[in-house]
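S.K.: Before anything else, here's the structure in question.
Residue numbers (full-length UniProt numbering): 1 to 294.
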């Protein structure tokens with residue numbers, strides 16, 4: 001009897017291994033898509049090979065631990081695991097260190113005060129002058145902020161990594177909310193002023209070098225970096241205006257030009273598309289839909 005049980009277990013083990021291998025092979029393109037999604041939001045020095053390695057290992061682990069009796073589709077299960085592995089790989093480089101956050105908050109305060117006084121965004125040189133530091137230090141902080149902004153672009157949340165990439169499988173309501181959030185992100189991008197939209201699409205989605213974007217806009221690279229930071233801040237506020245208004249910062253001058261421009265932007269985000277069009281950016285499982293190319 002024991003011999004028969006051992007033989008049965010051996011057959012089940014072989015079948016499980018074969019099924020896992022099939023899942024891995026079938027979903028390898030998913031890893032590539034998620035890696036490209038990350039690479040579109042980080043500096044060019046991040047190595048694709050390292051992310052692919054981390055993503056593939058996570059896919060293998062997901063295939064081995066997947067339990068289809070729970071009713072969850074493997075694709076959704078794998079997306080969570082692979083994204084988590086990619087975030088861990090990036091977090092290992094300590095992009096969002098405490099020193100970066102402190103410097104970023106100080107710089108944001110300087111920018112907000114300047115905008116409230118002058119009605120425009122300060123240049124890098126003006127920020128450096130106010131903070132009494134070298135221009136290159138301001139640029140370095142801006143670059144560090146863009147690196148750590150990856151999590152903000154993906155989740156627009158101030159929570160820790162585990163909240164952005166939960167270990168458990170999200171329920172239907174959470175999946176729907178996540179899909180709606182991604183849809184609003186697309187709406188917020190579409191509602192950006194032309195220059196900011198060009199920078200966001202060029203840098204984050206088309207993976208174009210900053211120098212190329214700067215040449216198209218007729219500005220210096222430092223200005224593109226500044227526009228990128230401005231766009232990310234505006235996108236975050238645009239999403240919060242629709243999904244979490246309580247997180248919107250109080251304007252320094254509620255009746256000022258800057259406050260009116262932001263209010264107009266929020267209204268434009270709200271007017272972009274419908275619930276149906278917002279959900280069209282993801283599948284029913286919450287996986288981003290890859291646009292078909294001609």
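The beta carbon of each residue, even a glycine, is placed where N, CA and C say it ideally should be.
Given residue 227, which residues of its chain have a CB within under 7 angstroms of its CB, disregarding the five upstream and five downstream residues?
M.R.: Working through the chain shown from its first residue, we reach residue 227 at position 227. The residues are 195, 196 and 199.
S.K.: Are residue 55 and residue 82 closer than 7 angstroms when you measure CB to CB?
M.R.: Counting from 1 along the chain shown, the entry for residue 55 is found at position 55. Counting from 1 along the chain shown, the entry for residue 82 is found at position 82. Yes, Cβ-Cβ distance for residue 55 and residue 82 is below 7 angstroms.
S.K.: Near residue 60, which residues of its chain fall below 7 angstroms by C-beta distance, leaving aside the five closest residues on each side in sequence?
M.R.: Along the chain shown, one-based indexing puts residue 60 at 60. Once the five neighbours on either side are set aside, the close Cβ partners of residue 60 are 24.
S.K.: Which word fits residue 210, buried or exposed, when buried means at least 16 other C-beta atoms lie within 10 angstroms of its C-beta?
M.R.: Residue numbering aside, residue 210 sits at position 210 when the chain shown is read from its first letter. With a threshold of 16 other beta carbon atoms within 10 Å, residue 210 meets it and is buried.
S.K.: Let's test the definition: count the other Cβ atoms within 10 Å of the Cβ of residue 238 and tell me whether it reaches 16, buried, or not, exposed.
M.R.: Translated into positions along the chain shown, residue 238 becomes position 238. Buried is the call here.
S.K.: Could you give the DSSP three-state label for residue 129: helix, strand or coil?
M.R.: Residue mapping note: residue 129 aligns to position 129 of the chain shown, counting from 1. In this structure, residue 129 counts as helix in the three-state DSSP scheme.
S.K.: Excluding the five sequence neighbours on either side, which residues of its own chain have a C-beta within less than 6 angstroms of the C-beta of residue 166, listed in chain order?
M.R.: The residue given as residue 166 occupies position 166 in the chain shown. Confidence at residue 166 is low in this model, with a pLDDT of 38, below 50, so its placement is unreliable and the value that follows should be read with caution. Within the same chain, residue 166 has no close Cβ partners at all.
S.K.: Put residue 281 into one of helix, strand or coil per three-state DSSP.
M.R.: Translated into positions along the chain shown, residue 281 becomes position 281. It is coil, neither helix nor strand.
S.K.: As a quick exercise: from 178, 114 and 63, pick the residue whose alpha carbon is nearest that of residue 77.
M.R.: Counting from 1 along the chain shown, the entry for residue 77 is found at position 77. Selected option, being the one with the closest Cα: 63.
S.K.: Enumerated in chain order, which unbroken segments of the alpha helix (DSSP H) with a length of 4 residues or greater are wholly contained in the UniProt domain "RNA polymerase sigma-70 region 4" (188–236)?
M.R.: 194–200 and 210–217
S.K.: Specify the secondary structure class of residue 256 as computed by DSSP and reduced to three states.
M.R.: Residue 256 sits at position 256 when you count from the first residue of the chain shown. Here residue 256 sits in coil by DSSP.
S.K.: In whole angstroms, what separates the C-alpha of residue 270 from that of residue 186?
M.R.: For the purposes of this step, residue 270 is taken as residue 270 along the chain shown, with counting starting at 1. For the purposes of this step, residue 186 is taken as residue 186 along the chain shown, with counting starting at 1. Whole-angstrom Cα-Cα distance: 11 angstroms.
S.K.: Could you give the DSSP three-state label for residue 86: helix, strand or coil?
M.R.: On the chain shown, residue 86 is found 86 positions in, with the first residue counted as 1. Helix.
S.K.: Given a threshold of 16 other Cβ atoms within 10 Å of its Cβ, counted over all protein chains shown, does residue 278 qualify as buried or as exposed?
M.R.: Looking up residue 278 in the chain shown gives position 278. Its Cβ being crowded by 16 or more others within 10 Å, residue 278 is buried.
S.K.: Contact defined as beta carbons within less than 8 angstroms: I believe residue 50 pairs with residue 89. What is the distance between those atoms, to the nearest angstrom?
M.R.: Counted from its first residue, the chain shown places residue 50 at position 50. Counted from its first residue, the chain shown places residue 89 at position 89. Confirmed, about 6 angstroms.
S.K.: Excluding five sequence neighbours on each side, which residues of the same chain lie with their C-beta closer than 7 angstroms to the C-beta of residue 242?
M.R.: Position 242 of the chain shown holds residue 242. Answer for residue 242: 184, 269 and 270, listed in chain order.
S.K.: Figure out for me which residue from 193, 203, 102 and 280 has the closest Cα to the Cα of residue 37.
M.R.: On the chain shown, position 37 is the one that residue 37 refers to. Closest by alpha carbon: 203.
S.K.: Using only alpha-carbon positions, find the residue among 182, 258, 232 and 67 that is nearest to residue 276.
M.R.: The count along the chain shown starts at 1 and reaches residue 276 at position 276. Looking at the Cα atoms, 182 is the closest of the given residues.
S.K.: Should residue 192 be labelled buried (16 or more other beta-carbon atoms within 10 Å of its own) or exposed?
M.R.: On the chain shown, position 192 is the one that residue 192 refers to. Counting Cβ neighbours within 10 Å, residue 192 comes out buried, since at least 16 surround it.
S.K.: Buried or exposed: where does residue 122 fall if 16 or more other Cβ atoms within 10 Å of its Cβ makes it buried?
M.R.: If you number the chain shown from 1, residue 122 lands on position 122. Classification for residue 122: buried.
S.K.: Taking just the CA atoms, how far does residue 132 sit from residue 273?
M.R.: Residue numbering aside, residue 273 sits at position 273 when the chain shown is read from its first letter. Residue numbering aside, residue 132 sits at position 132 when the chain shown is read from its first letter. Approximately 45 angstroms, taken between the alpha carbons.
S.K.: Run the CB neighbour count on residue 179, radius 10 Å, all protein chains shown included, and call it buried at 16 or more, exposed below.
M.R.: One-based indexing of the chain shown puts residue 179 at position 179. When all chains shown are included, residue 179 counts as buried.
S.K.: With distance defined between alpha-carbon atoms, name the residue in 69, 84 and 40 nearest to residue 206.
M.R.: Translated into positions along the chain shown, residue 206 becomes position 206. Closest by C-alpha distance to residue 206, out of 69, 84 and 40, is 40.
S.K.: Where does residue 244 fall in DSSP's three states?
M.R.: Numbered from its first residue, the chain shown carries residue 244 at position 244. It is coil, neither helix nor strand.
S.K.: How big is the Cα-Cα spacing for residue 281 and residue 34?
M.R.: Within the chain shown, numbered from 1, the residue matching residue 281 stands at position 281. Within the chain shown, numbered from 1, the residue matching residue 34 stands at position 34. One C-alpha to the other measures close to 15 angstroms.
S.K.: Inspect the beta-carbon positions of residue 53 and residue 142 and report whether they are closer than 7 angstroms.
M.R.: If you number the chain shown from 1, residue 53 lands on position 53. If you number the chain shown from 1, residue 142 lands on position 142. One thing to note: residue 53 has its Cβ no nearer than 7 angstroms to the Cβ of residue 142.
S.K.: Which stretch, first to last residue, makes up the alpha helix (DSSP H) that contains residue 58?
M.R.: The residue you call residue 58 lines up with position 58 of the chain shown. Start and end: 48–65.
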